[in-house]
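> This is the structure I want to talk about, given as structure tokens.
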Amino acid sequence: MSMSKIEQQGRREFLKKAAIGSAVTIAPGVMLHSLSAEAAPRTEPVTGKVRWGMLVDANKCADGCNDCVAACDKENGLDLVDMPEGADESQWERQRPRWIRQITLKDNLTGRLTHLPMMCQHCEEPPCADVCPTGASFRRADGIVMVDRHICIGCRYCMMACPYKARSFIHAEVAEKLTHTPRGKGCVESCNFCVHRLDNGQTTTACQDACKHQAIVFGDLNDPQSAVSQALKKYPSVAIRDDLKLNPGVRYSNI
Amino acid sequence: MIFLTMALSGLLGLGSAGVSAAEAVEGSAKSDKLEQCVEPTSVMRRNHFEFIKHQRDLTVHEGIRGSKYSLAGCVDCHAKKDSSGKFVPVNEEGQFCDECHDYVAVDLKCFECHATVPREK
Ligand code: SF4
Ligand code: SF4
Numbered sequence: 333m334s335m336s337k338i339e340q341q342g343r344r345e346f347l348k349k350a351a352i353g354s355a356v357t358i359a360p361g362v363m364l365h366s367l368s369a370e371a372a373p374r375t376e377p378v379t380g381k382v383r384w385g386m387l388v389d390a391n392k393c394a395d396g397c398n399d400c401v402a403a404c405d406k407e408n409g410l411d412l413v414d415m416p417e418g419a420d421e422s423q424w425e426r427q428r429p430r431w432i433r434q435i436t437l438k439d440n441l442t443g444r445l446t447h448l449p450m451m452c453q454h455c456e457e458p459p460c461a462d463v464c465p466t467g468a469s470f471r472r473a474d475g476i477v478m479v480d481r482h483i484c485i486g487c488r489y490c491m492m493a494c495p496y497k498a499r500s501f502i503h504a505e506v507a508e509k510l511t512h513t514p515r516g517k518g519c520v521e522s523c524n525f526c527v528h529r530l531d532n533g534q535t536t537t538a539c540q541d542a543c544k545h546q547a548i549v550f551g552d553l554n555d556p557q558s559a560v561s562q563a564l565k566k567y568p569s570v571a572i573r574d575d576l577k578l579n580p581g582v583r584y585s586n587i
Numbered sequence: 153m154i155f156l157t158m159a160l161s162g163l164l165g166l167g168s169a170g171v172s173a174a175e176a177v178e179g180s181a182k183s184d185k186l187e188q189c190v191e192p193t194s195v196m197r198r199n200h201f202e203f204i205k206h207q208r209d210l211t212v213h214e215g216i217r218g219s220k221y222s223l224a225g226c227v228d229c230h231a232k233k234d235s236s237g238k239f240v241p242v243n244e245e246g247q248f249c250d251e252c253h254d255y256v257a258v259d260l261k262c263f264e265c266h267a268t269v270p271r272e273k
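Chains A and B, in that order, give the protein sequences. All you need for the working numbering is the position in the first sequence, starting with 1, plus 332. All you need for the working numbering is the position in the second sequence, starting with 1, plus 152.
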């Protein structure tokens with residue numbers, strides 16, 4: 333990485349924006365892709381032939397838009413949990429499970445603001461998996477990094493290790509959960525690229541489907557013909573914290 | 153409807169502690185209409201935990217979801233409905249999972265994370 337890039341990064345201040353309201357409903361008709369007729373649940377193990385990845389165009393990501401966050405919450409049942417009674421609201425906003433967040437970057441020199449969604453970057457060399465004492469944090473053959481909740485002991489080492497603040501801890505019992513996203517107290521969780529969709533033959537993520545600005549392109553990085561590979565070939569993009577050499581599966585353009 | 157049922161059972165003194173919703177209706181689970189489970193009943197009784205334990209690793213680590221064994225499948229098939237058509241959790245007192253596990257004093261941990269009724273977004 334060149335020196336100028338590091339300097340540039342140093343000037344940028346990450347401003348975390350409190351996610352605005354969780355009850356944003358997704359407009360009807362935004363679910364562009366549905367289970368196609370030939371889509372079927374996987375019967376063969378995933379392989380390294382596929383590497384799932386994403387390109388986010390920060391130019392297209394609109395200020396104040398929260399659609400991807402709301403879609404993720406709905407897709408994974410994160411919206412089924414209410415703030416515990418008597419809890420401090422700002423603390424709840426900081427600590428509630430969130431798999432994707434809206435981030436605003438500010439260039440202090442020019443004052444230019446950039447908005448982008450930030451989620452697990454699905455690192456090829458995931459520090460979260462490196463530090464996990466039980467093997468609960470792991471990288472699937474197809475590049476998806478996730479937590480096996482059956483063996484997670486809730487030590488939260490992975491949360492400390494992740495350079496992208498991508499992980500959440502579930503502090504309280506979860507009364508309501510969805511069939512395809514089991515989740516419960518005492519485990520760490522993070523974006524899994526909507527793994528239940530992919531394993532059932534779908535090819536899109538919920539955040540991608542919800543983005544009416546088409547800021548998110550998702551697909552197989554190993555397939556040169558995929559939309560994401562084509563877009564990566566065509567537009568300049570960066571890996572955030574490229575200096576760490578984690579080779580993330582999520583790339584950004586125009587930041 | 154559910155409130156009505158609860159109010160009525162309350163009035164008649166039928167609302168028993170531990171059963172939070174209306175009574176499950178016998179014969180309302182999918183499994184009630186089937187000849188047998190994914191394996192013969194005797195095999196299921198003896199081995200169901202083995203089947204789902206191995207399946208969980210295959211699903212989480214290898215992405216295999218097309219197998220005939222799955223906890224989601226158990227719940228989907230064995231959850232009964234109450235008279236208003238609402239699913240009753242499989243781990244509630246007297247329901248499919250609870251019935252035997254309570255008898256043999258096996259504490260079920262599955263449902264701390266897994267859904268207890270068929271539920272998609
Ligand atoms: S972004 Fe964080 S949680 Fe995701 S793979 Fe990298 S280190 Fe792990
Ligand atoms: S919290 Fe869970 S997944 Fe994270 S390092 Fe500890 S055991 Fe591993």
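Glycine is no exception: its CB is placed at the ideal position from the N, C-alpha and C atoms. Since we're looking at a predicted model, the values are computed, not measured.
Is there a Cβ from chain A that is less than 7 angstroms from the Cβ of B/VAL258?
Residue 258 of chain B sits at position 106 when you count from the first residue of the second sequence. No, B/VAL258 lies away from the interface with chain A (no Cβ there is under 7 angstroms from its Cβ).
> In chain order, what residues of the same chain have a beta carbon less than 6 angstroms from the beta carbon of A/THR513, not counting five sequence neighbours either side?
By one-based count along the first sequence, residue 513 of chain A stands at place 181. Closer than 6 angstroms at Cβ, skipping near neighbours: ASN408, GLY409.
> From this set, B/VAL256, B/PRO192, B/ILE204, which residue's C-alpha is nearest B/ALA224's C-alpha?
Position 72 of the second sequence, counted from the start, is the residue given in the question as residue 224 of chain B. Minimum Cα distance to B/ALA224 is reached at B/ILE204.
> For ligand 1, is there any heavy atom lying closer than 6 angstroms to the beta carbon of A/PRO458?
Within the first sequence, numbered from 1, the residue matching residue 458 of chain A stands at position 126. Because some heavy atom of ligand 1 lies under 6 angstroms away, the Cβ of A/PRO458 counts as near it: yes.
> Taking the beta strand (DSSP E) that A/PRO449 falls in, what are its first and last residues?
For the purposes of this step, residue 449 of chain A is taken as the residue at position 117 of the first sequence. 445-451 is the span of the beta strand (DSSP E), which, as asked, contains A/PRO449.
> Listed from N- to C-terminal order along the chain, which residues in the segment 212-227 of chain B have their beta-carbon within a distance smaller than 8 angstroms of any beta-carbon of chain A?
Residues VAL212, HIS213, GLU214, GLY215, ILE216, ARG217, GLY218, SER219, ALA224, VAL227.
> Based on the DSSP secondary-structure assignment, which residues constitute the bridge partners of A/TRP384?
The sequence position of residue 384 of chain A within the first sequence is 52, counting from 1. DSSP output for A/TRP384 lists A/ASP552 as bridge partner(s).
> According to DSSP, what are the bridge partners of A/LEU510?
Your numbering for residue 510 of chain A matches position 178 in the first sequence. DSSP, once it has assigned bridges, lists A/THR513 as partnering A/LEU510.
> Using C-beta distances below 8 angstroms, list every residue in its chain close to A/LYS517, excluding the 5 sequence neighbours before and after it, in chain order.
Counted from its first residue, the first sequence places residue 517 of chain A at position 185. Correct list, in chain order: ILE502, HIS503, ALA504, GLU505, VAL506.
> Any idea which residues DSSP pairs B/ALA176 with across the strands?
Position 24 of the second sequence, counted from the first residue, corresponds to residue 176 of chain B. Paired residue(s): B/ASP234.
> DSSP three-state call for A/GLU521: helix, strand or coil?
If you number the first sequence from 1, residue 521 of chain A lands on position 189. Of the three classes helix, strand and coil, the one that applies to A/GLU521 here is strand, per DSSP.
> Take A/ASP474 as the anchor and find which of A/ARG573, A/GLU376, A/ASN586 has the nearest alpha-carbon.
By 1-based counting over the first sequence, the position of residue 474 of chain A is 142. Per the Cα distances, A/GLU376.
> Counting pairs of beta carbons, one from the segment 465-474 of chain A and one from the segment 226-242 of chain B, are three or more of them closer than 8 angstroms?
Contact between the segment 465-474 of chain A and the segment 226-242 of chain B is absent, because fewer than three Cβ pairs lie under 8 angstroms.
> Let me see if you follow: with CB-CB separation under 7 angstroms, is A/LEU412 close to chain B or not?
For this step, residue 412 of chain A is matched to residue 80 along the first sequence. So, not an interface residue.
> Could you give the DSSP three-state label for B/SER168: helix, strand or coil?
The count along the second sequence starts at 1 and reaches residue 168 of chain B at position 16. Unreliable positioning characterises B/SER168 in this predicted model, as indicated by a pLDDT of 41, which lies under 50. A coordinate reading is not provided.
> CB-CB under 6 angstroms to B/VAL242, same chain, minus the five flanking residues each way: which ones, in chain order?
By one-based count along the second sequence, residue 242 of chain B stands at place 90. These residues qualify, in order along the chain: VAL227, HIS230, ALA231, PHE248, CYS249, THR268.
> At a CB-CB cut-off below 7 angstroms, which residues of chain B make contact with A/ASN532?
In the first sequence, the residue the question calls residue 532 of chain A occupies position 200. Chain B residues near A/ASN532: ARG217.
> Decide yes or no for the touch test of the segment 560-578 of chain A against the segment 391-410 of chain A: beta carbon pairs closer than 8 angstroms, at least 3 of them.
The segment 560-578 of chain A, when compared against the segment 391-410 of chain A, does not touch it at the 8 angstroms Cβ threshold.
> Please report how far the alpha carbon of B/PHE239 lies from the alpha carbon of A/PRO449, in whole angstroms.
Translated into the one-based positions of the second sequence, residue 239 of chain B becomes position 87. Translated into the one-based positions of the first sequence, residue 449 of chain A becomes position 117. Straight-line Cα distance between these residues: approximately 37 angstroms.
> For A/MET491 versus A/ASN524, is the C-beta distance shorter than 7 angstroms?
In the first sequence, counting from the first residue as 1, residue 491 of chain A sits at position 159. In the first sequence, counting from the first residue as 1, residue 524 of chain A sits at position 192. For A/MET491 and A/ASN524, no; Cβs fall outside 7 angstroms.
> With a cut-off of 7 angstroms, does the C-beta of A/ASP480 fall near any C-beta of chain B?
Working through the first sequence from its first residue, we reach residue 480 of chain A at position 148. Answer yes: the Cβ-Cβ gap between A/ASP480 and chain B drops below 7 angstroms somewhere.
> I want to check one thing, is the minimum distance from the CB of A/TYR489 to the heavy atoms of ligand 1 below 6 angstroms?
Sequence index remark: in the first sequence, residue 489 of chain A carries index 157 (1-based). No, Cβ of A/TYR489 sits at least 6 angstroms from all heavy atoms of ligand 1.
> At a Cβ threshold of 7 angstroms, is A/LEU553 touching chain B?
To locate residue 553 of chain A, count along the first sequence from 1; it is residue 221. No - not a single Cβ of chain B is within 7 angstroms of the one on A/LEU553.
> Quick one: give me the first and last residue of the beta strand (DSSP E) that A/ARG583 is part of.
On the first sequence, position 251 is the one that residue 583 of chain A refers to. Residues 582-585.
> For A/MET478, does the three-state DSSP call read helix, strand or coil?
By one-based count along the first sequence, residue 478 of chain A stands at place 146. Looking at A/MET478 - three-state DSSP - the assignment turns out to be strand.
> Where does A/LEU578 fall in DSSP's three states?
Translated into positions along the first sequence, residue 578 of chain A becomes position 246. In this structure, A/LEU578 counts as coil in the three-state DSSP scheme.
> Determine the burial state of B/VAL195: buried for a count of at least 16 other Cβ atoms within 10 Å of its Cβ, exposed for fewer.
By one-based count along the second sequence, residue 195 of chain B stands at place 43. Label assigned to B/VAL195: exposed.
> Beta-carbon within less than 6 angstroms of A/ALA419's beta-carbon, same chain only, minus the 5 sequence neighbours each way: which residues are those?
Looking up residue 419 of chain A in the first sequence gives position 87. There are no such residues.
> Which residues does DSSP pair with A/SER469 in a beta bridge?
For the purposes of this step, residue 469 of chain A is taken as residue 137 along the first sequence, with counting starting at 1. Paired residues: A/VAL479.
> Taking CB distances under 7 angstroms as the criterion, tell me whether A/PRO416 reaches chain B.
The residue you call residue 416 of chain A lines up with position 84 of the first sequence. Not closer than 7 angstroms to any Cβ of chain B, the Cβ of A/PRO416 fails to qualify, so no.
> Is any heavy atom of ligand 2 found at a distance shorter than 6 angstroms from the C-beta of A/GLY516?
As a working mapping, residue 516 of chain A is identified with position 184 in the first sequence. False, no ligand heavy atom lies under 6 angstroms from that Cβ.
> Give the interface partners of A/LEU576 over in chain B, defined as CB-CB distance under 7 angstroms, in chain order.
The sequence position of residue 576 of chain A within the first sequence is 244, counting from 1. Ordered by position in chain B, no residue passes the 7 angstroms Cβ test against A/LEU576, which lies about 25 angstroms from the chain.
> My output table needs one value for A/SER500: the three-state DSSP class, helix, strand or coil.
Against the first sequence, residue 500 of chain A aligns to sequence position 168. Correct three-state label for A/SER500: strand.
> Please state the DSSP three-state secondary structure of A/ILE358.
Looking up residue 358 of chain A in the first sequence gives position 26. With a pLDDT of only 39 at A/ILE358, under the threshold of 50, the placement of this residue in the model should not be trusted; the figure read from the coordinates follows. In the structure shown, A/ILE358 sits in coil (DSSP, three-state: anything other than H, G, I, E or B).
> Closest to B/LYS182 by C-alpha separation, out of B/LYS233, B/ARG198, B/GLU244, would be which residue?
Sequence index remark: in the second sequence, residue 182 of chain B carries index 30 (1-based). Closest option to B/LYS182, Cα to Cα, is B/LYS233.
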